[in-house]
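Colleague: Below is one structure. I have some questions about it.
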Amino acid sequence: MTNGGRLYQLARTRQLYTGEPFHAAKKTLSGGNNHSPFAVAPMRQAHLEAEIFAKLCSGGQWWAHPFGISSVQAMAQSAVLRLDSHTTFFDGTLYPRSAQALDELLPDAEPGVQVNGVVGLRVTGIDGPDLHLTLAGGGCHLILRGAPGTDWAGEIDERWDRLGKAGHPGLWRAQQLTNHEEKHIREYPRLWRSYRRLDWLGSALLRRLAVFHTSSTAYLSRSWIHNGELILELDTVRGIRLNHDAFLNQLMDPVWGVPLRIRRRYCSCDPHQQLGHRIYTLQCTYHLEHPDDVGQGGLQLRFRHGPDPHAGTTRKTLASLGAPAKWLDRVLPKSSPDVSSPIDHERPSQIPGEKDNS
299 MTNGGRLYQL ARTRQLYTGE PFHAAKKTLS GGNNHSPFAV APMRQAHLEA
349 EIFAKLCSGG QWWAHPFGIS SVQAMAQSAV LRLDSHTTFF DGTLYPRSAQ
399 ALDELLPDAE PGVQVNGVVG LRVTGIDGPD LHLTLAGGGC HLILRGAPGT
449 DWAGEIDERW DRLGKAGHPG LWRAQQLTNH EEKHIREYPR LWRSYRRLDW
499 LGSALLRRLA VFHTSSTAYL SRSWIHNGEL ILELDTVRGI RLNHDAFLNQ
549 LMDPVWGVPL RIRRRYCSCD PHQQLGHRIY TLQCTYHLEH PDDVGQGGLQ
599 LRFRHGPDPH AGTTRKTLAS LGAPAKWLDR VLPKSSPDVS SPIDHERPSQ
649 IPGEKDNS
């Protein structure tokens, strides 16, 4: 294969992980090390990216793309996240994705709760649709790229005034860590340390976020951190095989993927058997860890297969938000019983002691 042909294939592969335009992927690869196509973020940058991942990828909303982020462009010490235009909450409320991101990210001091948002997050500038972010003390950089017409300045000023009137002073304009933020870290030291052990993982996943769009069969994804693990729950509708092995192969690819190995697994799907009663949700759970396993925290993947409690409306909602038609046909085909007609809303788990986090 010629160098041009090889670069073309590499750029196409990179797109599967980042969702970035082809020309951007090709430009990034043409000047880099193709044997290690994803730069590993240094410590401060990884901290910032992991906090952004934790807040923006927690779920609980409908988006045109998984987690409401259509693409990621990452360099060694910087990253650009292109946001969807809007989100729809499960109660049907339509809300700008930019405003929802600010709600999740910008830190404020709430009496009795300490700090909401990302401790130490600071706004360093606005350039058209781009909101520039860093952590107090610098050394890292991330851009949120809003949809055309996004008014970052207006949304930020409105939030500053609203929080101030509620007695929750905003903290994102301070140069250094505020007393509120320092106290927050002191009062939750174990939680803070456990989160920092997962910085490498949150950053690595954020830099490959499009894999949840291109390689997963899930129409709904959510995440949270518990007991030193980053937990990702991926819901696949009935009528579609989970294909979790294919997704894991992409995620753990030795060149493009995250450095992970499977520590433990529980699989409840059997291609030779029926999926069970129509109101049940089956779950395959994988516990993964860094190959070096030096106390770096782990990843738990929950592949769920069952009925959609929003049957008959989910595809229409996602389409109204601009979800790509080819993706919808793959993850929510019209032939699925959950897409074509309503079903029972009850979804008891078949896994003893497992809590349904929907």
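Counting the sequence shown from 1 gives a position; the working numbering is that position plus 298. Cβ coordinates follow ideal geometry from the N, Cα and C atoms, glycine included.
Do L419 and W470 have their C-beta atoms closer together than 8 angstroms?
Modeller: Contact: yes.
Colleague: Grab me the residues of A309's own chain with a C-beta within less than 7 angstroms of its C-beta, minus the 5 sequence neighbours each way, in chain order.
Modeller: F320, A323, K324, L327
Colleague: Based on Cα-Cα distance, which residue from H603, R562, R505 lies nearest to E349?
Modeller: R505
Colleague: From what residue to what residue does the beta strand (DSSP E) around S369 run?
Modeller: 367-373
Colleague: Distance, Cα to Cα, N525 vs V421?
Modeller: 31 angstroms
Colleague: CB-CB under 6 angstroms to L433, same chain, minus the five flanking residues each way: which ones, in chain order?
Modeller: L346, G418
Colleague: Considering only C-alpha positions, which residue in the set P605, T579, R559, Q598 is nearest to D591?
Modeller: R559
Colleague: What is the DSSP secondary structure of P394, reduced to helix, strand or coil?
Modeller: strand
Colleague: Enumerate in chain order the residues of its own chain whose CB-to-CB distance from I441 is below 8 angstroms, with the five nearest sequence positions on each side excluded.
Modeller: S376, A377, V378, L379, D428, L429, H430, L431
Colleague: Could you tell me the alpha carbon to alpha carbon distance between I641 and Q359, rounded to whole angstroms?
Modeller: Legend: pLDDT at I641 = 44, less than 50; position of this residue unreliable, no value from coordinates given.
Colleague: Count the CB pairs spanning the stretch 578-589 and the stretch 617-627 that are closer than 8 angstroms, and state whether there are at least three.
Modeller: no
Colleague: Only counting the same chain, and skipping five residues up and downstream in sequence, which positions put a Cβ closer than 7 angstroms to that of S369?
Modeller: T316, G317, E318, R380, A508
Colleague: Pairs of beta-carbons, one from the stretch 451-460 and one from the stretch 400-409, closer than 8 angstroms: are there three or more?
Modeller: yes
Colleague: L314 and S513 look like a contact to me (Cβ under 8 angstroms); what is the Cβ gap, rounded to whole Å?
Modeller: 7 angstroms
Colleague: Could you tell me which residues DSSP pairs with F387 in its beta bridges?
Modeller: Per the DSSP secondary-structure output, F387 pairs in a beta bridge with Q359.
Colleague: Does DSSP classify F601 as helix, strand or coil?
Modeller: Here F601 carries a strand assignment [DSSP, helix/strand/coil].
Colleague: Which word fits Y584, buried or exposed, when buried means at least 16 other C-beta atoms lie within 10 angstroms of its C-beta?
Modeller: buried
Colleague: Could you pull the start and end residues of the alpha helix (DSSP H) that T612 belongs to?
Modeller: Per DSSP, T612 belongs to the alpha helix (DSSP H) from 612-618.
Colleague: Given a cut-off of 8 angstroms on the beta-carbon distance, is the pair A352 and I529 in contact?
Modeller: no
Colleague: Short of 7 angstroms in beta carbon distance, which residues of its chain neighbour L392, apart from the five on each side in sequence? Order them along the chain.
Modeller: H384, T386
Colleague: Going by other Cβ atoms of all chains shown within 10 Å of its Cβ, with 16 needed for buried, is Q343 buried or exposed?
Modeller: buried
Colleague: Can you check whether the CB of H603 is closer than 8 angstroms to the CB of L540?
Modeller: yes
Colleague: Whose CA, out of R600, S521, G610, lies closest to the CA of P364?
Modeller: S521
Colleague: Where does the unbroken alpha helix (DSSP H) through C509 begin, and where does it stop?
Modeller: The question names Cys, but residue 509 is Val in the sequence shown. Note, V509: alpha helix (DSSP H), 509-512.
Colleague: Check Q571 in the structure and name its three-state DSSP category.
Modeller: In this prediction, Q571 has a pLDDT of 48, which is less than 50 and means its spatial position is unreliable; what the coordinates show is noted afterwards. The answer is coil: DSSP assigns Q571 none of H, G, I, E or B.
Colleague: Go to T242, then tell me how far its beta strand (DSSP E) extends in each direction, as first and last residue.
Modeller: Nothing can be reported for residue 242: it is not among the residues displayed for the chain, which extend from 299 to 656.
Colleague: How close, in whole Å, do the beta carbons of G595 and L496 come, if the pair is a contact with beta carbons under 8 angstroms?
Modeller: 4 angstroms
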